[in-house]
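Asker: First, the structure itself, so that you have it in front of you.
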Amino acid sequence: DHPDLKNNDHILQGYDFISSAIVSRRATDDRVPGALDYGDWMTDDAPCLQSARVSSWHGTHTAGTIGELTNNGIGGVGAAHDAQILPIRVLGQCGGMNSDIADAIVWASGGHVDGVPDNTHPAEVISLSLGGPGSCDSNTQQAINTAVANGTTVVVAAGNNSLNAAQSTPANCSNVITVGATRITGGIAYYSNFGSVVDLAGPGGGEKEDTGNGGWDGLVLSTAYSGTTTPTSGEYNFRGYAGTSMAAPHVAAVAALVQSALASAGKTPLSPSQLQAVLQQTARAFPVPPPAATPIGSGIVDATAAMDYVRTSCSGTTCKPVTTALSNRTPLTAQRAGVGEELLYSFTATAGTPLNVLSYGGGGNVALYVKFGAEPTTSSYDLRSVRAGNAQTVRLPSPQAGTYFIKLVSGDGGFSNVSLMARQ
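When you line the sequence shown up against this note's numbering, it's residues 1100 to 1523, in that order.
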């Protein structure tokens, strides 16, 4: 009902997937059409035994980051304000249940869920600003796999505990784009989770300094309500928050912009793995690089760079790979691609010193091709390694001085979480 959202013809009806009346605050244990944010306040006698709190309007806030209206004299503007938004409610009082979240992921992507009507507007991008400690449970992973198989890209917040995101789910699930948060200066926000499972960063808001002692300037401003419990007509406002929950919808919005740009040009939308590769490889370098022990992905999502790239480099169902530069002896982790897809890299070598290029770890099948001065193909290369699996090695005993191009080509089933390193 927020006036900077509700009059947007692109906001679809959505669905409330909360199956517990205790969590939803509805009268019955069921799922219903519509996804209004009824508030998540709690009293001291709440059934989940948590402390009293006022409503956060978390879902309304993240939706506004993507879909706030423009040119209406109210508030700001969403990063993808012309994209259709399908709101799906999975969190309420006391949080939410993994079973509801998993079903919502499947349904959002166009998959069938018993007991609810099929979704007539399958999402191309799902934004999940939620999570908690633990491993990725099998139901959630299967739901994500179903969504990706349906062509839907799943974007997930890394978490706000300043811990390795491998300890947080669904950030640690496979086949997702896990998003860390940057602060106002472009460095890692002190609260952001980190690690090799984090693929990309987005603006999360927060302090100016490297620790939590710098104050809360530079928050992400978006849609909310002034009410402390339920939304009341006329009580809307705009609120500043910080967190990876704010970073994830920025990345999801740019993903939607990329798909929209391709559709507007009469081109085929990208697969989830292609879209992730484009977002990662067109990301902006961190103005303040994160410490080596706390990486948050390949860079900060860059809408202009991503859209410019797909407009000029994508044709039909394929995109010319973006070239990612490798640094000597520095592994590039969490690489993934779908069946038949390719990722391209470069390395500047010095003459005479042996050069080794290695792929390792993760799962799936990958082939490695290397060529001096030009992009290799499966039929034109200087050296290659095409053993079964993903552990490949190419050795050049006496390389030339200059740029070598390195290509990973996925085989049957694609590959995920593969590391690549050039060592000289």
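Even glycine gets a Cβ: it sits at the ideal position worked out from N, Cα and C.
1. Put Met1141 into one of helix, strand or coil per three-state DSSP.
2. For the beta strand (DSSP E) containing Ser1426, list its first residue and its last residue.
3. So if DSSP puts Cys1418 in a beta bridge, which residue, or which two residues, is it bridged to?
4. With three or more beta-carbon pairs closer than 8 Å as the criterion, would you say the region 1165-1180 touches the region 1135-1155?
5. Report yes or no: do the region 1424-1435 and the region 1483-1500 share at least 3 C-beta pairs separated by less than 8 Å?
6. Between which two residues does the beta strand (DSSP E) harbouring Ala1521 extend?
7. Tell me whether the beta-carbon of Leu1356 lies closer than 9 Å to the beta-carbon of Ala1178.
8. Specify whether the region 1439-1450 and the region 1495-1509 touch according to this definition: at least 3 beta carbon pairs, one from each stretch, less than 8 Å apart.
9. By how many angstroms is the C-alpha of Val1438 removed from the C-alpha of Arg1473?
10. Return the bridge partner residues of Ala1466 from the DSSP annotation.
11. Please state the DSSP three-state secondary structure of Tyr1459.
12. Among the candidates Ile1283, Pro1386, Ala1354, whose CA atom is the shortest distance from the CA of Gly1339?
13. Assign Asn1263 to buried or exposed, taking buried as 16 or more other Cβ atoms, counted over all protein chains shown, within 10 Å of its Cβ.
14. Taking C-alpha atoms, which residue in Pro1389, Ala1376, Pro1348 lies nearest to Val1421?
15. Confirm, please, whether the CB-CB distance from Val1297 to Pro1394 is below 9 Å.
16. Would you mind reading off the limits of the alpha helix (DSSP H) that contains Asn1244?
17. Measuring only the C-alpha atoms, how far is Gln1112 from Val1122?
18. Do you know how far the Cα of Ser1372 is from the Cα of Thr1511?
19. Short check: CB of Thr1322 to CB of Asp1129, under 9 Å?
20. So is His1220 buried or exposed if we call it buried at 16+ other beta carbons inside 10 Å?
21. Three-state secondary structure (DSSP) at Ala1300?
22. For His1157, I'd like the list of residues in its chain whose CB is within less than 6 Å of its CB, leaving aside the five on either flank, ordered along the chain.
23. State whether the region 1177-1196 contacts the region 1130-1137, with contact taken as three or more CB pairs (one from each stretch) at a distance under 8 Å.
Answerer: Inspection of the coordinates gives the following:
1. strand
2. Note, Ser1426: premise wrong, no beta strand (DSSP E); not H, not E.
3. Cys1413
4. no
5. no
6. 1501-1522 is the span of the beta strand (DSSP E), which, as asked, contains Ala1521.
7. yes
8. yes
9. Correcting the residue identity first, residue 1473 is Ala in this sequence and not Arg. Between Ala1473 and Val1438, the C-alpha separation is close to 24 Å.
10. Val1508
11. Strand, per DSSP.
12. Of Ile1283, Pro1386, Ala1354, the residue nearest in Cα terms is Ile1283.
13. buried
14. Ala1376
15. The Cβ-Cβ distance between Pro1394 and Val1297 falls below 9 Å.
16. 1237-1248
17. 20 Å
18. Sequence check: residue 1511 is Asp here, not Thr. Their backbone Cα atoms lie some 14 Å apart in a straight line.
19. Here Thr1322 is not near Asp1129, since their CB atoms are 9 Å or more apart.
20. exposed
21. strand
22. The answer is none, since no qualifying residue turns up.
23. yes
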